[in-house]
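Report on the structure given below.
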Amino acid sequence: MLFDGLLDARIAVAESSIGSAISVLMPEEMVAMRGAVPSRQNEFAAGRHCARVAMAELGRHALAIPMGSDRAPIWPDGLVGSISHCGSWCAAAVGRVAEGFAAIGIDIEAARPLDIELAEEICTDGEREWLTKMPEADRGALLAAIFSAKEATYKCQYALTGKLVDFQAISIEFDLAHGRFQARFETDVLPYRVRDTLPGTIRLGAEHITTAVVVQR
Numbered sequence: 000m001l002f003d004g005l006l007d008a009r010i011a012v013a014e015s016s017i018g019s020a021i022s023v024l025m026p027e028e029m030v031a032m033r034g035a036v037p038s039r040q041n042e043f044a045a046g047r048h049c050a051r052v053a054m055a056e057l058g059r060h061a062l063a064i065p066m067g068s069d070r071a072p073i074w075p076d077g078l079v080g081s082i083s084h085c086g087s088w089c090a091a092a093v094g095r096v097a098e099g100f101a102a103i104g105i106d107i108e109a110a111r112p113l114d115i116e117l118a119e120e121i122c123t124d125g126e127r128e129w130l131t132k133m134p135e136a137d138r139g140a141l142l143a144a145i146f147s148a149k150e151a152t153y154k155c156q157y158a159l160t161g162k163l164v165d166f167q168a169i170s171i172e173f174d175l176a177h178g179r180f181q182a183r184f185e186t187d188v189l190p191y192r193v194r195d196t197l198p199g200t201i202r203l204g205a206e207h208i209t210t211a212v213v214v215q216r
């Protein structure tokens, strides 16, 4: 599985392929899918299915996970989590608040190099400078890794701050040899201040890039 060993062992993770599983949705969840195209319905249903499998691993009964007005999942009381989709694959990670977890962010991306011109949009000045020091053949893949790390970070911080931030608000520093990164705030996103950091983990696979950020209380 993509996230094996990437998260704290107390966090439950479930993964599955995305199929035509709209029937697994609960009434509170179906509301969000009214008028959605079938592919979006299937992604949404697979995410909720994975989330409930993960919840069951934590001893929680199957409960609805509605979508809020901001499109983020509304997790049952006492739980925090994150859902990600990529192509035909989906994953969900869920942790207990009682075990000290405050927020989780996960991301899956295809392991395909991004057009390096996208660095202007995705990267801070420091990240672009770092990319120029890397072998030219690796830069597109590393840009994709930066993108995934930021996506996981944004999900995690949003669960705590409720604030939408752009790509320039956070910078990523990798320790790829150990599968880790630090996400550093480049602007105040209260309660976080400039230079505050969040720890993350990353795996560069043959087909997917997987990243995770977890905040504990």
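Residue numbers (numbering that gives the first Met the number 0): 0 to 216. Ideal Cβ placement from N, Cα and C applies to all residues, glycine included.
{"Item": "DSSP state of G86 mapped onto helix, strand, coil", "Value": "coil"}
{"Item": "Same chain, Cβ closer than 6 Å to E42, neighbours up to 5 away in sequence not counted", "Value": "I17, H84"}
{"Item": "CA-to-CA distance, M29 to A90, given in whole angstroms", "Value": "19 Å"}
{"Item": "Residues that I107 bridges to, as DSSP identifies them", "Value": "T209"}
{"Item": "Under the three-state DSSP convention, the category T200 falls into", "Value": "strand"}
{"Item": "Alpha helix (DSSP H) segment containing A45, residue limits", "Value": "37-56"}
{"Item": "Residue from I201, G34, A92, T123 with nearest C-alpha to F184", "Value": "T123"}
{"Item": "Rounded separation between D187 and L159 - CA only", "Value": "14 Å"}
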